[in-house]
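Input: a single structure, listed below in structure tokens.
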Amino acid sequence: MKVSKLVLLGSLFSGVLPVVAQTPTPTWNTPALRAAEASIRAENIRAHVKFLSDDLLEGRGPGLRGAELAAQYIATQFALDGLKPGGDNGTYLQQINFVGMNVIPARTTFALLPQHAAGMGIELHSIDLKYGDDYTVSNRTLTPTVDINAPIVFVGYGVIAPEFGWDDYAGIDVKGKVILCIVSDPPSDDPKFFGGKALTYYGRWTYKFEEAARHGAVGALIIHRTDLASYGWDVVKNSNTSEKTYLRDDKDPQLQAASWIQLDVARQIFASSGMDLNQQMTAAGQRGFHAQQLPVRLQAHVESVVRPFQGANVIGILPGTDVANSTTKAVKDQAVLYTAHYDHLGFVPGMKGDNIYNGAADNATGCGMLLEMARAWTASALHPRHSVIFASVTAEEQGLLGSEYLGQHPPIPAAQIALDINYDMVLPIGIPRQIDVNGAQRTDFFPVVQATAKRFDLAIVPDPRPEAGSYYRSDHFSLSRVGIPAFSVDTGVLFQGHDEAWGRKKFEDFTAHDYHNFSDNYHPDWDFNGNAKLDRFGMELGWQAINATHTIHWNPNDEFEAARKASQQ
Numbered sequence: 086m087k088v089s090k091l092v093l094l095g096s097l098f099s100g101v102l103p104v105v106a107q108t109p110t111p112t113w114n115t116p117a118l119r120a121a122e123a124s125i126r127a128e129n130i131r132a133h134v135k136f137l138s139d140d141l142l143e144g145r146g147p148g149l150r151g152a153e154l155a156a157q158y159i160a161t162q163f164a165l166d167g168l169k170p171g172g173d174n175g176t177y178l179q180q181i182n183f184v185g186m187n188v189i190p191a192r193t194t195f196a197l198l199p200q201h202a203a204g205m206g207i208e209l210h211s212i213d214l215k216y217g218d219d220y221t222v223s224n225r226t227l228t229p230t231v232d233i234n235a236p237i238v239f240v241g242y243g244v245i246a247p248e249f250g251w252d253d254y255a256g257i258d259v260k261g262k263v264i265l266c267i268v269s270d271p272p273s274d275d276p277k278f279f280g281g282k283a284l285t286y287y288g289r290w291t292y293k294f295e296e297a298a299r300h301g302a303v304g305a306l307i308i309h310r311t312d313l314a315s316y317g318w319d320v321v322k323n324s325n326t327s328e329k330t331y332l333r334d335d336k337d338p339q340l341q342a343a344s345w346i347q348l349d350v351a352r353q354i355f356a357s358s359g360m361d362l363n364q365q366m367t368a369a370g371q372r373g374f375h376a377q378q379l380p381v382r383l384q385a386h387v388e389s390v391v392r393p394f395q396g397a398n399v400i401g402i403l404p405g406t407d408v409a410n411s412t413t414k415a416v417k418d419q420a421v422l423y424t425a426h427y428d429h430l431g432f433v434p435g436m437k438g439d440n441i442y443n444g445a446a447d448n449a450t451g452c453g454m455l456l457e458m459a460r461a462w463t464a465s466a467l468h469p470r471h472s473v474i475f476a477s478v479t480a481e482e483q484g485l486l487g488s489e490y491l492g493q494h495p496p497i498p499a500a501q502i503a504l505d506i507n508y509d510m511v512l513p514i515g516i517p518r519q520i521d522v523n524g525a526q527r528t529d530f531f532p533v534v535q536a537t538a539k540r541f542d543l544a545i546v547p548d549p550r551p552e553a554g555s556y557y558r559s560d561h562f563s564l565s566r567v568g569i570p571a572f573s574v575d576t577g578v579l580f581q582g583h584d585e586a587w588g589r590k591k592f593e594d595f596t597a598h599d600y601h602n603f604s605d606n607y608h609p610d611w612d613f614n615g616n617a618k619l620d621r622f623g624m625e626l627g628w629q630a631i632n633a634t635h636t637i638h639w640n641p642n643d644e645f646e647a648a649r650k651a652s653q654q
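Take any residue in the sequence shown, note its place counting from 1, add 85, and you have its number in the working numbering.
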């Protein structure tokens, strides 16, 4: 550094040594942080994943023995780490009242009843559908039995989006009826119109069911098409033919029959109405589309085993020094929250052969990473000014229910949580050279994320499958809905020692054969070094968020900005 001669001479004459300005050490470049990151071990993550995906835990289905074992295991790890309990009554468990609904296939029937059109001389017969092969259904009103005999109304994509000037329900009354809609968003190449190729929340099945219920429909039939859903019928079937879980105390309107149907079933519905499926789907994606009641009724009888139960989120807190040492409530926390779900799909009773959805990748990996992260934070010489919260949530596979409850009942006010970093299904296949942080770009924290990724030799890549709507399919979304800036950390497709084609094939093979399937098992040859690297990356992001000079915000006009502002009032 050059020092001005005038300054030096003046200092000499005054007898005072010259003062040279020093550049502050960046918050990420401290010995304590470097040591904490270095302490993260891939084999520790492996050990957690191996246990959590063992047959002993029976697929970690919410409210079942295996999920309780998993929750107690996680709570025990938090206790060993010395984390403060963040659950109910001084425990690590945040109990949630759920109701499990398990359809009884032998007592459940679905039939399409085409109606005579004026002047039609042919005899029309009912079309009986086969549970699991043709349709799935769940009764969200949480009653043992429901009977439906109602007309079917085609509402296109089933979307009301004022910001895009789109209303599929305009001019039609669906109260007491069954809506038929297409999965995904209306087609678009314009990022400013339904996100272009990127799926918005309007395209998610959860939204379709919610909107139909808000309009008083008794049922909803979502038309599955693999390219639009981004997954095949097997995923729909496996995810929806075992017990479905709902929040017992949810006061929102609910459907008696929340259903998916195969594309061929939709084709039969339109054919029975004298219409062509492809033409109707094309018309539904264009402005000027009008919903219409079809000359087909759905006759359904749905019987379910109703199982009230409690499940738990597991929460541990490393209190921030500023908050812990404060004698007044004037000191506001700006905590960092790390999340990962521990639940999976459970098992199929009485099924021969492998009947356990072990969920090793989904999401024993993220849970194992969370546990190792918690250990590293608490064992380190770091003394964060603000709190660090670790939450392993339940019922993600049932529609993000555990994280929804966490967002509604956080251990500290949502306004005092600066950032959520989520880990979900991080395949242990080596050291990544790319990283996917979809959602971070929607916050003013993104420049920090970019700089950190560069230090970790990780190229930030856009969402590799924006049409799949990944941002709305994991637990960070629940936290976003209450205003907390949130995103997940995942790999891209480029890994050390391989080209992108190799990584892409690994992901495609997993999605095609293992995702939400019995074959998602632990493999001894898995390489967890990449998982450890992403843990270190997340730790560094968290440390910088804790030491940020201002609160992290959503970008102006982001869909979650209003919720953030409301939480801070």
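The beta-carbon is built from N, C-alpha and C at its ideal position, and this holds for glycine as well.
Since we're looking at a predicted model, the values are computed, not measured.
On the CB-based measure, 16 or more other CB atoms within 10 Å of its CB, does residue i come out buried or exposed?
i, result
"glycine 204", "Summary for glycine 204: the model assigns pLDDT 45, below 50, so the residue's position carries little reliability; its value from the coordinates is reported in the next sentence. Exposed, because fewer than 16 other Cβ atoms sit within 10 Å of the Cβ of glycine 204."
"isoleucine 516", "buried"
"glutamine 364", "exposed"
"asparagine 642", "exposed"
"valine 390", "exposed"
"glutamate 208", "In this prediction, glutamate 208 scores a pLDDT of 48, lower than 50, which makes its location untrustworthy; the coordinate-derived value is nonetheless stated afterwards. By the neighbour-count rule (16 or more Cβ atoms within 10 Å), glutamate 208 is not buried but exposed."
"methionine 436", "exposed"
"serine 211", "exposed"
"aspartate 258", "exposed"
"arginine 382", "buried"
"threonine 193", "buried"
"glutamine 107", "Reliability fails at glutamine 107, whose pLDDT of 41 lies under 50, so the model's placement of it is uncertain and the value that follows must be treated cautiously. So glutamine 107 ends up on the exposed side."
"glycine 206", "Because glycine 206 carries a pLDDT of 44, less than 50, the predicted location of this residue cannot be relied on, and no value is offered for it."
"glutamate 489", "buried"
"histidine 468", "exposed"
"isoleucine 189", "exposed"
"glutamine 419", "buried"
"proline 660", "Past the edges of the chain, shown from 86 to 654, lies residue 660, and the structure says nothing about it."
Verify whether the separation of the beta carbon atoms of residue i and residue j is less than 8 Å.
i, j, result
"arginine 566", "glycine 484", "no"
"alanine 302", "valine 263", "yes"
"isoleucine 545", "glycine 171", "no"
"aspartate 548", "asparagine 523", "yes"
"leucine 197", "isoleucine 354", "yes"
"alanine 503", "serine 652", "no"
"alanine 480", "phenylalanine 183", "yes"
"glycine 370", "proline 272", "yes"
"threonine 221", "tryptophan 345", "yes"
"asparagine 640", "arginine 527", "yes"
"lysine 426", "glutamine 179", "Checking the sequence, you will find histidine at residue 426 rather than lysine. Contact: no."
"leucine 430", "histidine 601", "yes"
"phenylalanine 432", "glycine 146", "yes"
"valine 478", "alanine 160", "no"
"leucine 67", "glycine 317", "This structure does not reach residue 67, given that the chain is present from 86 up to 654, and the question cannot be answered."
Going by CA-CA distance only, name the one from the options that's closest to residue i.
i, options, result
"alanine 617", "Pro236, Asn129, Thr115", "Asn129"
"valine 244", "Lys260, Tyr286, Asn448, Ala525", "Tyr286"
"glycine 453", "Glu122, Asp542, Ala132, Tyr292", "Ala132"
"leucine 332", "Asn640, Leu403, Gly487, Thr406", "Gly487"
"glutamine 378", "Asp232, Phe136, Val240, Ala647", "Val240"
"threonine 450", "Tyr508, Pro434, Arg470", "Tyr508"
"leucine 340", "Gly615, Pro496, Met186", "Met186"
"serine 604", "Asn440, Trp290, Thr228", "Asn440"
"phenylalanine 394", "Thr115, Glu153, Ala255", "Glu153"
How far does the alpha helix (DSSP H) with residue i in it reach, from first residue to last?
i, result
"tyrosine 490", "486-493"
"asparagine 448", "Asparagine 448 -> no alpha helix (DSSP H), and no H or E assigned at all."
"serine 357", "348-357"
"proline 532", "531-540"
"alanine 499", "Here alanine 499 belongs to no alpha helix (DSSP H), and DSSP marks it neither H nor E."
"proline 116", "116-123"
"phenylalanine 592", "585-598"
"valine 134", "127-137"
From the DSSP output, read off the bridge partner residues of residue i.
i, result
"lysine 169", "Ile402"
"methionine 186", "Lys329, Val391"
"glycine 304", "Val263, Ala342"
"asparagine 507", "Thr424, Ser573"
"leucine 284", "None; leucine 284 has no bridge partner."
"isoleucine 514", "Asp612"
"tyrosine 216", "Tyr220"
"valine 478", "His426"
Between which two residues does the beta strand (DSSP E) containing residue i stretch?
i, result
"tyrosine 423", "420-426"
"isoleucine 637", "No beta strand (DSSP E) contains isoleucine 637, which DSSP labels as neither H nor E."
"alanine 232", "In the sequence as displayed, the identity of residue 232 is aspartate instead of alanine. Residues 230-239."
"valine 546", "That residue, valine 546, is in no beta strand (DSSP E); it is neither H nor E in DSSP."
"serine 223", "220-223"
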